[in-house]
Amino acid sequence: MLSAIKNEIQILHDSWDYKRARFWFWPIVFGLTFFLGLLNGIKGAFAGFMYGIITGLFLIHESLPVNKKVR
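If you're matching positions, the sequence shown starts at 0 in numbering that gives the first Met the number 0 and goes up one per residue.
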């Protein structure tokens with residue numbers, strides 16, 4: 000079972016979508032933080048940081064491989 004988990008993790012890390020999502024995570028976080036910080040100051044920067052984290056994690060979640068059953 001442990002070897003199966005290691006194989007799945009290796010497949011995940013080799014996935015192009017996952018690498019691209021990891022690359023864009025921090026630019027999204029910093030971009031939203033900076034943009035909302037300019038609009039609303041410290042409160043906007045905090046909200047932008049939280050929205051950036053949520054958006055980045057959603058991007059990573061959507062890039063994960065899915066095993067779909069075909070009927």
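Idealized CB from N, CA, C, for every residue including glycine.
Remark: C-beta atoms of Val28 and Phe48 approach each other more closely than 8 Å. With fewer than 16 other Cβ atoms from the protein chains shown falling within 10 Å of its own Cβ, Leu63 counts as exposed. If you check the CB distance, Ile52 and Ala20 do not come in under 8 Å.
For Leu35, the three-state secondary structure derived from DSSP is helix.
Annotation: Ile41 to Gly30 spans about 15 Å, alpha carbon to alpha carbon.
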